[in-house]
Structures are given as structure tokens and as C-alpha cells.
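Peer 1: These protein sequences, in sequence, are chains A and B. For the first sequence, full-length UniProt numbering gives the first residue as 1, with consecutive numbering after it. For the second sequence, full-length UniProt numbering gives the first residue as 1, with consecutive numbering after it. Please see the structure below; I have some questions.
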Amino acid sequence: MFGAMAGRVPTPAVRFLDGDGSHLGAPGIVTSFIPGVTTPPVDATLVSGVGTTFTQEWRQRLVPQFLEFLTRIHGTDWRSSDLPHFTAPTAHPRQAALWQVNWWSRVWRDDQVDPYPLITLAERWMRERLPAIHAESDDLVLLHGDYRTGNFMFDPDSGRFTAVLDWELAHIGDFHEDLGWILQRLFAGPAEDGEVLACNLMTRDELLDRYQAATGRTVNPRTLAFYEVLAAYKCAVMNLGTGYSAAIRGHNHQDVLLSFLAPVGHVFLGEIASIIEREGEL
Amino acid sequence: MTPDVDVRLGTVVTALRQVVLPALPKDEPLAREQASLCIGQLVLLAEQVRYTTEYELLCLAEMRHLGSLLADAADGGPAICRAAASVRAAITAADDPVRTPRERRNAVAREIDALLHTGTEDGTAEFRHRSHALVLAHGVRQSTRDRGWFRACGWDPDADSLPSVPEMIAEATS
Numbered sequence: 001m002f003g004a005m006a007g008r009v010p011t012p013a014v015r016f017l018d019g020d021g022s023h024l025g026a027p028g029i030v031t032s033f034i035p036g037v038t039t040p041p042v043d044a045t046l047v048s049g050v051g052t053t054f055t056q057e058w059r060q061r062l063v064p065q066f067l068e069f070l071t072r073i074h075g076t077d078w079r080s081s082d083l084p085h086f087t088a089p090t091a092h093p094r095q096a097a098l099w100q101v102n103w104w105s106r107v108w109r110d111d112q113v114d115p116y117p118l119i120t121l122a123e124r125w126m127r128e129r130l131p132a133i134h135a136e137s138d139d140l141v142l143l144h145g146d147y148r149t150g151n152f153m154f155d156p157d158s159g160r161f162t163a164v165l166d167w168e169l170a171h172i173g174d175f176h177e178d179l180g181w182i183l184q185r186l187f188a189g190p191a192e193d194g195e196v197l198a199c200n201l202m203t204r205d206e207l208l209d210r211y212q213a214a215t216g217r218t219v220n221p222r223t224l225a226f227y228e229v230l231a232a233y234k235c236a237v238m239n240l241g242t243g244y245s246a247a248i249r250g251h252n253h254q255d256v257l258l259s260f261l262a263p264v265g266h267v268f269l270g271e272i273a274s275i276i277e278r279e280g281e282l
Numbered sequence: 001m002t003p004d005v006d007v008r009l010g011t012v013v014t015a016l017r018q019v020v021l022p023a024l025p026k027d028e029p030l031a032r033e034q035a036s037l038c039i040g041q042l043v044l045l046a047e048q049v050r051y052t053t054e055y056e057l058l059c060l061a062e063m064r065h066l067g068s069l070l071a072d073a074a075d076g077g078p079a080i081c082r083a084a085a086s087v088r089a090a091i092t093a094a095d096d097p098v099r100t101p102r103e104r105r106n107a108v109a110r111e112i113d114a115l116l117h118t119g120t121e122d123g124t125a126e127f128r129h130r131s132h133a134l135v136l137a138h139g140v141r142q143s144t145r146d147r148g149w150f151r152a153c154g155w156d157p158d159a160d161s162l163p164s165v166p167e168m169i170a171e172a173t174s
């Protein structure tokens, strides 16, 4: 992945790669250090980028780069790139969406602690609305998978991006998926006038308009709604399932953080309910 | 009875905040972050502790009500009839005071999940439509309630629109 990004998107240098987990027990990577910050110095106490705010001046510096690098990731020619650990969902038009629903519903079954009927409903709703995308389409792109504020670093003086981080969810899929992720309500914040900004950077309309203008792709509202629910579903699963169960099992050095963050999953359940209410049953 | 749980939690928070955290070296960011998270958890617990039983009983009552409505709406083949019977049995078993309200709530919710999954294959279109509406309405109420329960965490983007913990409990018990 980092090889495919070389010269296109700033990433750390790879020092060690265990693509199949034969050395580390799970797929893993060791990279070089990169200087930079994820939040303006005044917000340096925040974790995970949630709640980060940018002044208008910072937004003017960061938004063009945020969009530029998203466009470049999505513009990667994955068909001719050396990506041996990536498989393209090209067997049938709904495979890109189906793989994601299958994967994350499996994670929920493995990791759930407290059952939530709304999560079960969301899975059923997504399975009944799987959007189609054709194998030859330019809309099937290399996705970052966790592209948002908190996952890019920049120089605190110049504002120039120094690295895009957290690539572990990267895969090949529908471009709407990254947009749905960026639009998650938890990652958003208010501008000075109270307007909601996606990733605390730009309005929803600005994101979609500028992305379409830069890529020539057309955003389908129904497909975007599907991927917004998928994004919220993933976050609910990560927080109420995987993170919470890891904290219970004492699996890492951040147990207290994971248990503190677990209830953020309820924000995502609220988001799922809101979108499904808006979109209707089918 | 003495000392009160609130007092005990409050004194621990004070000690962590005023003595332990300032004593941690500035170049130990993980330790400082972990200590801050401990304080945050304890402050949240202090707000919730007096209402925890009422809150979990409220969630249990809501789950039982949802299960009852779904079991009544169950319509389809033999598998969905069995799943509905399991929901009813879990609702009845939820009277058992030995298990915690959370355990009883989860037992009912697991059977509801099984009913919903079964309904996908063995339920009528009418059941799928009805269950969609019921679960969604419950999900709206429950997610709002859970967000209010954890409002003091400070990350909810719409925190001002959420009820406080005392407001929720007062409304549920009035």
C-alpha cells in the first residue's frame, strides 16, 4: 500500500512488514517516525482526533490538502499496482458492499458483549439495500478506510501535511465508502457560525461538491446513505463490540481508554437510527 | 452505609487530580493520559452510581416491551413461531431477581436478535415491516437514553439536546 502511495500521498517509510501475520501473530507493520501534529497545539490533549476544532485559518490550509490526498488515494491505479494482499470485489456488482457487511457483521458476532436489536436491524437494512458497482467502473477505487481528522499529520508551522496515518482498514471498494466515513456525525463539529463541518473541516455540501469536481465522479445519494449507515455500523461495532470486549479481556495497555470510549458507540447507534428513519425501510 | 459511595469516589478523584497527576513527569504522556482517563471514569461513575439500578431497570423494561410487541407481531413459518416463543420465555424469565437487570435485559435482547434473524428467512413481509418499525422506534429511544447516560463524557456532538441523568430517571419513574 505504501509503495502504491509513494510520491502521491505522504506516508511513513516501511521498516518491517508482516503481511500474513506469520511473524507477529496478526498482519502488522513497523514504520519510520514522521514529525507533525494531528491537532492544532491548543487541542493537543484530545485523543483520536474526536472533538478537534480548526479555526478558519487552519481550515483554509488543511481542506485543500485533505481533498487532494483523498482524490489521489482514490485515483490510484490499483489494477496495475503491486498490492498482493488486496483482493478486488469484482465477482458481482454488489460484492464491494456485501463484503463489508459480511466482515463487520462477523466482527459484531465475534465481539459483542451486550446485544442491540438496532444493530441487527441495521445489518438487515444494509443487506436489503446493497448498492451495485461494476468491476470496470472508475468508481471502484482504493479506499483509505479511516480517512478523517486525527488520521493525518501536519507541520504546526506551515500547515503542510506530513503523513496520512492509520491505513489498516484500506481496501478496494466503492468511493462512497470513504465519503460516508468522513461524514460521520461524531467526527463533525461546528464552525464559528454554528454550521456543522464534516471532520471539522468543511460542510457536507462542500465536501461532496469539491470531491465530484475534482474526480468527475457522481455521488449517488442512495448509495451514500448506505455507506453512511455502514460507517456508523462499523464504529458502533468497534466501540461497543471490539474495543469493549478487548477492555474486558485486558488485551492491551489502553484498556481504560477503550472502556471510556466504548459508549461513544451510542452516538453511532443514534446516527444509524436517524439515517434509516430518513431513508425508509427499502 | 458510611462512608457514602459518592464521598469515596470524590475523595479518590481529588487525590488523583491534586496529588498523583501533578506528580507524574511531563515526559510520561501515556501515564498522564491514563491517569486523566481514570479521573474521567470516576467522575462519570460518581454521577451515575446513584441511578444505576433505576437506569438498568428502565432499559430492561423497554427491552421486555419491545420483545412483547415483536412476539405478538411474529408471523410466518414454524421457525419464527419458535423464535417468538423463545422471546416470550425470556421475558417471563426476566422476572428472576437473582440476575442483574443488565443480565436479564441481555437475555431478552439475544432472543429478540434471534427472532429478527429468523424473520429475515421465515417471516412474512408484514412481520419484517412491523419489526422494522418497532426496532427502529426502540433504537431511537434507547440510543438517546444511552447518549444521555454518558453525556458527561463530553464527546456527544448534540449533547445540549440530550436529557441529563436525573431528568431521564425522573421521567421514567414519574
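All residues carry an ideal CB built from backbone N, CA and C; glycine is no exception. Source: prediction; values computed, not measured.
Contact defined as beta carbons within less than 8 Å: I believe A/L142 pairs with A/W78. What is the distance between those atoms, to the nearest angstrom?
Peer 2: Indexing the first sequence from 1 puts residue 142 of chain A at position 142. Indexing the first sequence from 1 puts residue 78 of chain A at position 78. 5 Å between Cβ atoms; contact.
Peer 1: Could you spell out where the beta strand (DSSP E) holding A/G173 opens and where it closes?
Peer 2: The residue you call residue 173 of chain A lines up with position 173 of the first sequence. First-last of the beta strand (DSSP E) with A/G173: H171 to D174.
Peer 1: Please check the pair A/P10 and A/A163, which I expect to be a contact at CB under 8 Å, by giving their CB distance rounded to whole angstroms.
Peer 2: Taking the first sequence and counting its residues from 1, one reaches residue 10 of chain A at position 10. Taking the first sequence and counting its residues from 1, one reaches residue 163 of chain A at position 163. Correct: roughly 5 Å between the Cβ atoms.
Peer 1: Just to confirm before moving on: does the CB-CB distance between A/L121 and B/V135 stay below 7 Å?
Peer 2: By one-based count along the first sequence, residue 121 of chain A stands at place 121. By one-based count along the second sequence, residue 135 of chain B stands at place 135. A contact, by the Cβ cut-off of 7 Å.
Peer 1: Going along chain A in order, which residues have a C-beta closer than 8 Å to the C-beta of B/G139?
Peer 2: Stepping through the second sequence from its first residue, residue 139 of chain B is reached at position 139. The answer, in chain order, is Y116, P117, L118, L121, L269, I272 and A273.
Peer 1: DSSP three-state call for A/F16: helix, strand or coil?
Peer 2: As a working mapping, residue 16 of chain A is identified with position 16 in the first sequence. It is a strand residue.
Peer 1: Is A/A188 helix, strand or coil when you go by DSSP?
Peer 2: Within the first sequence, residue 188 of chain A is the residue found at index 188, counting from 1. The answer is coil: DSSP assigns A/A188 none of H, G, I, E or B.
Peer 1: Does DSSP put A/T37 in a helix, in a strand, or in coil?
Peer 2: Here the question's residue 37 of chain A lines up with position 37 in the first sequence. Note that residue 37 of chain A corresponds to Val in the displayed sequence, not to Thr. DSSP places A/V37 in strand when its eight states are reduced to three.
Peer 1: Measure the alpha-carbon distance for B/F150 versus A/T90 and round it to whole angstroms.
Peer 2: The residue labelled residue 150 of chain B in the question sits at position 150 within the second sequence. The residue labelled residue 90 of chain A in the question sits at position 90 within the first sequence. Taking the straight line joining both Cα atoms gives about 42 Å.
Peer 1: Using beta carbons (cut-off 7 Å, strictly below), is B/T120 in contact with chain A?
Peer 2: Taking the second sequence and counting its residues from 1, one reaches residue 120 of chain B at position 120. Taking Cβ atoms only, chain A reaches closer than 7 Å to B/T120, which makes this a yes.
Peer 1: Which residues of the segment 245-257 of chain A have a Cβ closer than 7 Å to any Cβ of chain B? Give them in chain order.
Peer 2: Under the 7 Å Cβ criterion, the segment 245-257 of chain A contributes V256 and L257.
Peer 1: I need the boundaries of the beta strand (DSSP E) containing A/A163, first residue and last residue.
Peer 2: To locate residue 163 of chain A, count along the first sequence from 1; it is residue 163. That run of the beta strand (DSSP E) goes F161 to V164.
Peer 1: Who are the neighbours of A/R185 on chain B, taking C-beta pairs under 7 Å?
Peer 2: On the first sequence, position 185 is the one that residue 185 of chain A refers to. Near A/R185 (Cβ distances below 7 Å), the residues of chain B are P157.
Peer 1: For residue 175 of chain B and B/L57, I'd like the C-alpha separation in whole angstroms.
Peer 2: Because chain B in this structure spans residues 1 to 174, residue 175 of chain B falls outside the shown range and cannot be described.
Peer 1: State buried or exposed for A/S22, treating a residue as buried only when at least 16 other CB atoms are found within 10 Å of its CB.
Peer 2: Stepping through the first sequence from its first residue, residue 22 of chain A is reached at position 22. Classification for A/S22: exposed.
Peer 1: Name, please, each residue of chain B whose Cβ falls closer than 7 Å to the Cβ of A/A188.
Peer 2: The residue you call residue 188 of chain A lines up with position 188 of the first sequence. What A/A188 touches in chain B: P157.
Peer 1: Quick check: the segment 77-84 of chain B against the segment 117-124 of chain B, are there 3 or more CB pairs under 8 Å?
Peer 2: Verdict: yes, contact present.
Peer 1: Between B/P97, B/E28, B/L9 and B/G76, which lies nearest to B/L60 when the distance is taken from Cα to Cα?
Peer 2: Taking the first residue of the second sequence as position 1, residue 60 of chain B is located at position 60. Of the candidates B/P97, B/E28, B/L9 and B/G76, the one whose C-alpha sits nearest the C-alpha of B/L60 is B/P97.
Peer 1: Does A/P12 have its Cβ less than 7 Å from a Cβ in chain B?
Peer 2: As a working mapping, residue 12 of chain A is identified with position 12 in the first sequence. Answer no: the Cβ-Cβ gap between A/P12 and chain B never drops below 7 Å.
Peer 1: Reducing DSSP to helix, strand and coil, say where A/I29 ends up.
Peer 2: The residue given as residue 29 of chain A occupies position 29 in the first sequence. Here A/I29 sits in strand by DSSP.
Peer 1: Which complete beta strand (DSSP E) runs does the segment 63-138 of chain B hold, if anything under 3 residues is left out?
Peer 2: Fully enclosed beta strand (DSSP E) runs of 3 or longer: not present.
Peer 1: Got a sec: which bits of the segment 31-58 of chain B sit with their beta carbon under 9 Å from any beta carbon on chain A, in order along the chain?
Peer 2: Flagged, chain order: E33, Q34, S36, L37, C38, G40, Q41 and L44.
Peer 1: Within a Cβ cutoff of 6 Å, which residues of the same chain sit near A/R185, ignoring the five residues on either side of it in sequence?
Peer 2: Mapped onto the first sequence, residue 185 of chain A falls at position 185. Excluding residues within five positions, the ones whose Cβ falls inside 6 Å are E271.
Peer 1: Just the C-alpha distance for B/E47 and B/P29, rounded to the nearest angstrom, thanks.
Peer 2: For the purposes of this step, residue 47 of chain B is identified with residue 47 of the second sequence, where counting begins at 1. For the purposes of this step, residue 29 of chain B is identified with residue 29 of the second sequence, where counting begins at 1. Near 27 Å, if we compare the C-alpha coordinates of B/P29 and B/E47.
Peer 1: Along the chain, where does the beta strand (DSSP E) containing A/V63 start, and where does it finish?
Peer 2: Position 63 of the first sequence, counted from the first residue, corresponds to residue 63 of chain A. A/V63 -> not in any beta strand (DSSP E); alpha helix (DSSP H) instead, spanning Q56 to H74.
Peer 1: I'd like to check one pair, A/M1 with A/W167: are the Cβ atoms closer than 7 Å?
Peer 2: Locating residue 167 of chain A in the first sequence gives position 167, where the first residue counts as 1. Locating residue 1 of chain A in the first sequence gives position 1, where the first residue counts as 1. Taking 7 Å as the Cβ cut-off, A/W167 and A/M1 qualify as a contacting pair.
Peer 1: Any beta carbon from chain A within less than 7 Å of B/D113's own beta carbon?
Peer 2: As a working mapping, residue 113 of chain B is identified with position 113 in the second sequence. Yes, B/D113 counts as interfacial toward chain A.
Peer 1: Got a sec? Which residues, its chain only, sit under 8 Å from B/R106 by beta carbon, not counting five neighbours each side?
Peer 2: Position 106 of the second sequence holds residue 106 of chain B. Before going on, a small fix: residue 106 of chain B reads as Asn here, not Arg. Closer than 8 Å at the Cβ level, and outside the excluded window around B/N106, lies no residue.
Peer 1: Touch check for the segment 138-157 of chain A and the segment 191-211 of chain A: three-plus C-beta pairs under 8 Å?
Peer 2: Judged by Cβ distances under 8 Å, the segment 138-157 of chain A makes contact with the segment 191-211 of chain A, as three or more pairs qualify.
Peer 1: Which whole runs of the beta strand (DSSP E) in the segment 133-163 of chain A are 3 residues long or more, in chain order?
Peer 2: Those beta strand (DSSP E) runs which fall completely within the segment 133-163 of chain A and span 3+ residues are 140-143 and 152-154.
Peer 1: Hey, could you find the ends of the alpha helix (DSSP H) A/A6 is sitting in?
Peer 2: By one-based count along the first sequence, residue 6 of chain A stands at place 6. Note, A/A6: premise wrong, no alpha helix (DSSP H); not H, not E.
Peer 1: For B/E54, which residues from the same chain have a beta carbon less than 6 Å from its beta carbon, with the 5 sequence-adjacent residues on both sides left out?
Peer 2: Counting from 1 along the second sequence, the entry for residue 54 of chain B is found at position 54. The answer, listed in chain order, is I169.
Peer 1: On the three-state DSSP scale, how would you describe B/V165?
Peer 2: Taking the second sequence and counting its residues from 1, the one referred to as residue 165 of chain B is at position 165. If DSSP states are grouped into helix, strand and coil, B/V165 belongs with the helices.
Peer 1: Please decide whether A/V264 counts as near chain B, where near means a Cβ-Cβ distance under 7 Å.
Peer 2: What you label residue 264 of chain A is simply residue 264 of the first sequence in a count that begins at 1. It does: the Cβ of A/V264 has a partner Cβ on chain B nearer than 7 Å.
Peer 1: I'd like to know whether the C-beta of B/F127 is nearer than 7 Å to at least one C-beta of chain A.
Peer 2: As a position in the second sequence, residue 127 of chain B is number 127, starting the count at 1. Not one chain A Cβ lies under 7 Å of B/F127.
Peer 1: Helix or strand or just coil, what does DSSP make of B/V43?
Peer 2: Along the second sequence, one-based indexing puts residue 43 of chain B at 43. Three-state result, B/V43: helix.
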